[in-house]
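In the numbering used here, the protein residues as written are 269 to 473. Structure, as structure tokens:
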């Protein structure tokens, strides 16, 4: 009788040990694997950078865009601009070529056709490049902070990888080509010397 009790106790202990090894340890591992991790905006931007540059290859020539805006701003905003929110602000992909008129501390002024254009080289901020691209959808992200961090990472990449080399070489009289983004307000449309956040800058030989 005692021997039977011992076997019963042994079986119960073995069963509990087996249960713990099968369920409790994997549960700990599962909890560890599901720890909340910060969104890696830098890695995300690195992964989309080629697509982002490709998107700007389809930018509209800036003088052509401005002609359309003068003729029919509502339709041009509808057809050419992108924005993550609803309102009067629109972001446009633009490209062009022109001759450098001024090299200033914070920007470079070029004459593109008959249009003076301000290429920003210092104050690279905001959502223009991100939103104008049309590649980012607000519903793909749960947190606004993730969207903001994407813009910050894009702008940082432009500041560190594009601007320094360009600034060391550019001078008055140079012919340059550019691609970038501009922000315009449909309700208060100002086409005088637009400010362009660049994604591509080249000095044309």
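We put the CB at the ideal spot given by N, CA and C, even for glycine.
Inset, instruction - Determine, using beta carbons only, whether residue 313 and residue 445 come nearer to each other than 8 Å. - result: No Cβ-Cβ contact shorter than 8 Å links residue 313 with residue 445.
Inset, instruction - Using a threshold of 8 Å, state whether the C-beta atoms of residue 334 and residue 383 are closer than that. - result: Yes.
Inset, instruction - Could you name the residues of the same chain whose beta carbon sits closer than 7 Å to that of residue 521, not counting the 5 residues immediately before and after it, in chain order? - result: Coverage of the chain is limited to positions 269 through 473, which leaves residue 521 absent and any answer about it impossible.
Inset, instruction - Work out the CA separation of residue 426 and residue 396 for me, nearest whole Å. - result: Cα to Cα, residue 396 sits roughly 12 Å from residue 426.
Legend entry - Boundaries of the alpha helix (DSSP H) in which residue 320 is found, first to last residue: Where residue 320 is concerned, the enclosing alpha helix (DSSP H) stretches over 309-325.
Inset, instruction - Out of 472, 370, 454, 450, state which residue places its alpha-carbon closest to the alpha-carbon of residue 330. - result: The shortest C-alpha separation from residue 330 is found at 450.
Inset, instruction - Evaluate residue 338 with the Cβ neighbour count: other Cβ atoms within 10 Å of its Cβ, from every protein chain shown; 16 or more gives buried, anything less gives exposed. - result: For residue 338, the number of other beta carbons within 10 angstroms of its own is below 16, and it is reported as exposed.
Inset, instruction - Could you check if residue 354 is buried or exposed, using at least 16 other CB atoms within 10 Å of its CB as the buried criterion? - result: Residue 354 comes out exposed.
Inset, instruction - Leaving aside the five residues before and after residue 287 along the sequence, list all residues of the same chain whose C-beta is less than 6 Å from its C-beta, in chain order. - result: For residue 287, the predicted model reports a pLDDT of 46, less than 50, meaning its position is unreliable and no value from the coordinates is stated.
Inset, instruction - Inspect the CB distances between the segment 451-462 and the segment 348-367 and report whether three or more fall short of 8 Å. - result: By the C-beta criterion, the segment 451-462 is judged to be in contact with the segment 348-367, since at least 3 inter-stretch pairs fall below 8 Å.
Legend entry - Segment contact, 8 Å Cβ cut-off, at least three pairs: the segment 368-379 with the segment 408-424: No, the segment 368-379 does not touch the segment 408-424.
Legend entry - Residues near residue 440 by beta carbon distance below 8 Å, same chain, minus five either side: Excluding sequence positions up to five before and after residue 440, its CB lies within less than 8 Å of the CB of 368, 369, 370, 371, all in the same chain and listed in chain order.
Inset, instruction - Taking all protein chains shown into account, decide if residue 470 is buried (16 or more other Cβ within 10 angstroms of its Cβ) or exposed. - result: Counting the other CB atoms within 10 Å of its CB gives residue 470 a total below 16, which places it among the exposed residues.
Inset, instruction - Indicate whether residue 377 and residue 365 have their beta-carbon atoms separated by less than 8 Å. - result: Contact: no.
Inset, instruction - Could you spell out the range, first to last residue, of the beta strand (DSSP E) harbouring residue 466? - result: 463-472 is the span of the beta strand (DSSP E), which, as asked, contains residue 466.
Inset, instruction - Just mark residue 388 as buried or exposed, buried being the case when its beta carbon has 16 or more other beta carbons within 10 Å. - result: Looking at its Cβ environment, which holds 16 or more other Cβ atoms inside 10 Å, residue 388 is buried.
Inset, instruction - Could you have a look at residue 415 and say whether DSSP puts it in helix, strand or coil? - result: Secondary structure of residue 415 (DSSP, three-state): helix.
Inset, instruction - Take residue 320 and list the residues in its own chain whose beta-carbon comes closer than 6 Å to its own, dropping the five residues that flank it on each side. - result: Taken in chain order, the residues that qualify are 401.
Legend entry - Short Cβ contact (8 Å threshold) for residue 327 with residue 362: Yes; because the gap between Cβ atoms is below 8 Å, this pair is in contact.
Legend entry - Anticipated Cβ contact below 8 Å, residue 350 with residue 399, distance rounded: Indeed they touch by this definition, with Cβ atoms about 5 Å apart.
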